[in-house]
Structures are given as C-alpha cells and as structure tokens.
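In what follows, a structure is listed as structure tokens, so that the remarks can point back to it.
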Amino acid sequence: MNLITAVMLIAITLSVVLAVVSFWLPQMNPDHEKLSPYECGFDPLGSARLPFSLRFFLVAILFLLFDLEIALLLPLPWGDQLSSPLLTFSWASTVLILLTLGLIYEWLQGGLEWAE
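Mature numbering (1 follows the signal peptide of the UniProt record, and there is no 0) puts the sequence shown at residues -19 to -1, 1 to 97.
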C-alpha cells in the first residue's frame, strides 16, 4: 500500500465517521433569536434609510489613511533601491510628519469628539 492510498483511505474513513457522528448528535432547538438575521447591529426588517452618523465615516477614513501609512512604511527596511539610509529615513519621517499633522488638525477641529 503506497502513501497516497493510505492518505485517501484515512480521509474517506474520517469523512464517513464525522458524517455519522453528526447525525447522532442531538439537534439544537432553534428559537426566534437564532432564526432572525443579524446585520451589523441594524434591524434587517426595518427601513434601509436609517440616519447614519457622519463621525463613523470620518473615523473610517482616518483608519484607511493610517492603514495606507503602514502599507507604505513596512517595506522601507528592505528598500534597496533608495540611494542611502538617510534618504529612506527622511522619506519615512516626511510621511509620518504629514500624517501626524493631519491627525492633529482633525483633532483640533473636533472630528474625533463623540459628544457635542
């Protein structure tokens, strides 16, 4: 018996055993809560045009900006194309300073405050 046949036999046996055991296990009795759909905290049976806070949108945009920052800064240590480590450091510092200034501006404008 070669290796492939043994692996196939084990896989088929395991599949049959798991299928048989799943029929023997007790079935759960679903209730109203388990049968109702859940869509991110919103009632799926209500109106689709509920008011949505603009602050959630602003936080999502800020998250995307900082996520893009990480995507740009993570490969920098392996960036052999740049001529010197000083150029790499200055480029990374420029990106960090610009994003920090943008975050400070957003903070001072009150875009990160939840209570009015």
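Glycine included, every Cβ here is placed at the ideal spot set by N, Cα and C. The model shown is predicted, which means the values in this text are computed figures rather than measured ones.
Element boundaries [alpha helix (DSSP H), containing residue i]
i, result
"residue 5", "-17 to 5"
"residue 57", "It is not in any alpha helix (DSSP H) - residue 57 carries neither H nor E in the DSSP assignment."
"residue 16", "13 to 16"
Local conformation of residue i per DSSP, three classes
i, result
"residue 84", "helix"
"residue 93", "coil"
"residue 66", "helix"
"residue 74", "helix"
Cα-Cα separation between residue i and residue j, rounded to whole angstroms
i, j, result
"residue 11", "residue -6", "28 angstroms"
"residue 56", "residue 89", "31 angstroms"
"residue -18", "residue -11", "11 angstroms"
"residue 51", "residue 83", "16 angstroms"
"residue 73", "residue -13", "51 angstroms"
"residue 54", "residue 66", "14 angstroms"
"residue -2", "residue 48", "42 angstroms"
"residue 85", "residue 39", "14 angstroms"
"residue 95", "residue 32", "16 angstroms"
"residue 46", "residue 59", "22 angstroms"
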